[in-house]
Amino acid sequence: MKRQSERDREFTEFVTARRGALTRMATLLLTGDAAQAEDAVQTALTRLYLAWPRIRPETVNAYARRCVVNAVIDDRRSLFRRRERVRAELPDAPAAGVPDGDLSALVALLAALPARMRAAVVLRYVDGLTVAETAVVLQCSEGTVKSQSARGLERLREAHPAYSHDCV
Amino acid sequence: MQDMIETLGSLREKDLAGPASAETVAADVARARRARSRRRLWRVAGTGVVAAAVATVVATGGTTAGAQHNEAASAPSAPAAQQRSATAVLPVQLTAYTGVQPDGFTVATVPSGWTVRSSDAFAFVVQPPGDTSHMEGDFENAITVMLQGDSSGPTLGVTPVTVNGRPGTLGASEGGLATLLLFPDGKGHQVLVQVFTKYHLSNAQIIQFADGVGVTDAVQTAKG
Chain A
1 MKRQSERDRE FTEFVTARRG ALTRMATLLL TGDAAQAEDA VQTALTRLYL AWPRIRPETV
61 NAYARRCVVN AVIDDRRSLF RRRERVRAEL PDAPAAGVPD GDLSALVALL AALPARMRAA
121 VVLRYVDGLT VAETAVVLQC SEGTVKSQSA RGLERLREAH PAYSHDCV
Chain B
169 MQDMIETLGS LREKDLAGPA SAETVAADVA RARRARSRRR LWRVAGTGVV AAAVATVVAT
229 GGTTAGAQHN EAASAPSAPA AQQRSATAVL PVQLTAYTGV QPDGFTVATV PSGWTVRSSD
289 AFAFVVQPPG DTSHMEGDFE NAITVMLQGD SSGPTLGVTP VTVNGRPGTL GASEGGLATL
349 LLFPDGKGHQ VLVQVFTKYH LSNAQIIQFA DGVGVTDAVQ TAKG
């Protein structure tokens, strides 16, 4: 049985260690909007804290990611529904290509993907989760993760042919 | 040439927001603690409603344990006025639970049509049909089986009842949103069943549900 102070200490250690990664994930899921990402992370961390006593240590990372994904979805429902347009064609890629480390160009490419596809790509290839881990976070089947992440990669490569030589 | 997977992977090393400062982390913790306090206050706000329910139970209760058990078993777990106004709520019927048993408990019955929200060594949580608004591990608006741990148990209108031949206590939670049934399993555990009153299970149904609950060796107490 944990006392309040011990709960706060554990939570503080987790936030200190993981906040940056959660913010990066939220930023990419929210197409680079840092302010909305910060809101989503704050919401997610509050939900995480409320559930903290019931979360097993081995699942806390997955739970935190799921909180962020859900917070992003909530955020999109309230703010982004009217703003986002799902397009059949990706916007023009930068003429000079996407140089290594060109963060804004990568974010722009990711932003053109549908939300669930973007989430699968970010979790799989940015955060480096396995298919199974991604399925847990997104609360979907592993088949859906494979399908969404593969299609997402395909669309990103179509948007930038320089990356079309590799395969999943 | 860097491929797309490698390029995406390189983002892992990017610190898009900068390192979290001690002040930012402290603000996160403070914000979360305030949310926890607000939730507790919100629960307390329902005390007036519960007082009416408690008065109903007390007014109809007997003086012996057996009589109290019988009265408690027949008394509604929500105020009559609240029940009258909840015409959209369908009556709950318990049915045999045929799903996968949780690691920490065995469960014999669940409300008909309800689904499992989460099930592990810590808790077994079932929710009404169509409820997709809660995450796994969330005990709100559900029926939950868990060990008492540091939970306070029933605090309002506490009535002695019998569960599987052992003495238990039935009453409302601190804020009145849930009916709590606390009972021993005979192996040293105190089992807590939490039923949100909005679903209008009668006390008899809650006791019937608890009669079907067992504790396995794998059970764990939620910390907190």
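Sequences listed follow chains A and B, in order. Just so you know, our numbering puts 134 at position 134 of the first sequence, and the rest follows in order with no gaps. Position in the second sequence (from 1) plus 168 gives the number in our numbering. All residues carry an ideal CB built from backbone N, CA and C; glycine is no exception.
> What does DSSP give as the partner residues of B/Ser280 in its beta bridges?
Replying inline: In DSSP, B/Ser280 forms no bridge with anything.
>> Strictly under 9 Å for the Cβ-Cβ distance: is A/Arg65 near chain B by that measure?
In response: no
>> Taking contact to mean 3 or more Cβ pairs, one atom from each stretch, closer than 8 Å, check whether the segment 115–131 of chain A and the segment 169–183 of chain B are in contact.
In response: yes
>> By the 9 Å beta-carbon criterion, what residues does the segment 114–134 of chain A contribute toward chain B?
In response: Val121, Val122, Arg124, Tyr125, Val126, Asp127, Gly128
> Within the 9 Å Cβ cut-off, does A/Gly20 reach chain B?
Replying inline: yes
>> Quick check on this structure: which residue in A/Glu133, A/Gln36, A/Met25 has the alpha carbon closest to the alpha carbon of A/Ala58?
In response: With the sequence shown as reference, residue 58 of chain A is identified as Glu, and Ala is not the correct amino acid for it. Nearest option by C-alpha distance: A/Glu133.
> Nearest to B/Pro279 by alpha carbon, out of B/Pro296, B/Asp288, B/Ala289, B/Phe292?
Replying inline: B/Pro296
> Opposite B/Ile374 in the DSSP bridges: which residues?
Replying inline: Answer is none; B/Ile374 lacks a bridge partner.
> Can you tell me whether B/Val361 is buried or exposed, with buried defined as 16 or more other CB within 10 angstroms of its CB?
Replying inline: buried
> Where does B/Phe364 fall in DSSP's three states?
Replying inline: strand
> Identify the residues that DSSP records as bridge partners of B/Arg334: which are they?
Replying inline: B/Val331
>> Please classify A/Glu158 as buried or exposed, where buried requires at least 16 other C-beta atoms within 10 Å of its C-beta.
In response: exposed
>> Under DSSP, the alpha helix (DSSP H) around B/Thr384 begins and ends at which residues?
In response: Taken as a continuous stretch (DSSP letters only), B/Thr384 belongs to no alpha helix (DSSP H), as it is neither H nor E.
>> Less than 6 Å between C-beta atoms, sequence neighbours within five positions excluded: which residues of the same chain meet that for A/Val145?
In response: Ala120, Val131, Thr134, Ala135
>> Looking at the strands, I want to know which residues DSSP matches up with A/Met184.
In response: Any question about residue 184 of chain A goes unanswered here, given that chain A covers just 1 to 168.
> When the Cβ atoms of the segment 321–332 of chain B are set against those of the segment 375–391 of chain B, are three or more pairs found closer than 8 Å?
Replying inline: yes
> Is it right to say A/Arg82 is buried, meaning 16 or more other beta carbons lie within 10 angstroms of its own, or is it exposed?
Replying inline: Unreliable placement is indicated for A/Arg82, whose pLDDT of 39 sits below 50; no coordinate value is reported for it.
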